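Each remark here refers to the structure printed beneath this line.
Right under this line is the structure:
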């Protein structure tokens with residue numbers, strides 16, 4: 001996987017060769033890796049410590065690979081009577097497009113989300129407006145079962161962009177997505193992680209690993225490589241519907 005500098009203004013997102021074959025809600029053909037272009041010197045965006053990604057875990061000593069998503073191990077299960085209902089892993093909403101995004105703790109308030117779809121080359125373009133987040137139309141809508149994905153720039157030629165403070169997002173913070181049907185899907189942040197772009201965990205980000213309605217927020221982070229004009233890492237916030 002490469003992260004080529006874009007000098008033609010298209011600000012496209014980097015594709016990946018491997019996709020999640022086992023997850024029905026996984027992305028086919030590309031990963032959302034939002035481009036960040038350093039603007040005036042506003043100081044580096046906040047970022048958590050880089051999260052290690054193990055490329056080939058030992059199945060005898062680690063949980064199943066994200067390429068074969070599984071529900072979390074709940075420990076020994078009590079006997080269940082035949083015909084008993086399945087465990088309730090949380091709320092799920094019907095499909096409805098997102099129309100606004102609010103993350104009060106980091107000052108994000110956008111009344112527009114730009115639809116993002118793969119192009120003919122299997123690449124997901126970044127939002128055209130640095131001030132706007134974009135949502136991946138090929139995945140679940142926020143509130144539906146599975147992981148919905150929202151991406152945004154960290155900064156641009158004129159300074160901080162919509163997800164400049166994503167790395168500051170704390171576990172337990174609320175993320176609110178207003179939907180076209182008038183409902184507001186409220187998510188609670190479970191984790192904020194940072195990955196080298198060469199080790200972007202496509203299956204963990206796009207795959208259904210928890211059997212519930214979730215949200216992924218993605219931007220760039222880490223060091224800025226002035227040679228390529230790109231940040232070297234991605235920041236991903238994981239949240240679930242409440």
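In full-length UniProt numbering, the protein residues as written are 1 to 242. Ideal Cβ positions, reconstructed from N, Cα and C, are used throughout, including at glycine. Computed from a predicted model, the values in this text were never measured in an experiment.
Who are the near neighbours of residue i in its chain, counting only those whose CB is closer than 6 Å to its CB and skipping five residues on each side?
i	result
residue 111	100
residue 142	98, 148, 177, 185 and 215
residue 109	102
residue 106	165, 168 and 169
residue 219	34, 152, 154, 163, 166 and 235
Given a cut-off of 8 Å on the beta-carbon distance, is the pair residue i and residue j in contact?
i	j	result
residue 127	residue 116	yes
residue 233	residue 204	no
residue 133	residue 162	yes
residue 154	residue 48	no
residue 198	residue 50	no
Restricting to Cα atoms, I'd like to know which of the options is closest to residue i.
i	options	result
residue 171	51, 44, 237 and 197	237
residue 144	121, 183, 169 and 92	92
residue 95	182, 222, 125 and 198	182
residue 131	120, 152 and 121	152
residue 129	158, 120 and 231	158
residue 180	45, 113 and 118	113
residue 224	218, 156, 213 and 217	156
Can you find the residues in the same chain that come closer than 8 Å, C-beta to C-beta, to residue i, ignoring five residues on each side of it along the sequence?
i	result
residue 188	172, 173, 174, 175, 239, 240 and 242
So residue i packs on residue j, CB below 8 Å; how close in whole Å?
i	j	result
residue 89	residue 211	5 Å
For residue i, which residues of its own chain have a beta-carbon under 7 Å away from its beta-carbon, when the five flanking residues on both sides are left out?
i	result
residue 243	As shown, the chain starts at 1 and ends at 242. That puts residue 243 outside it, with no answer to give.
Practice task
Pick out the complete beta strand (DSSP E) segments inside the segment 80–158, 3 residues or longer, and give them in chain order.
Solution key: 98–103, 108–110, 114–116, 134–136 and 146–151
Practice task
Go through the segment 180–206 residue by residue and report every complete run of the beta strand (DSSP E) that reaches 3 residues or more, in order.
Solution key: 184–196
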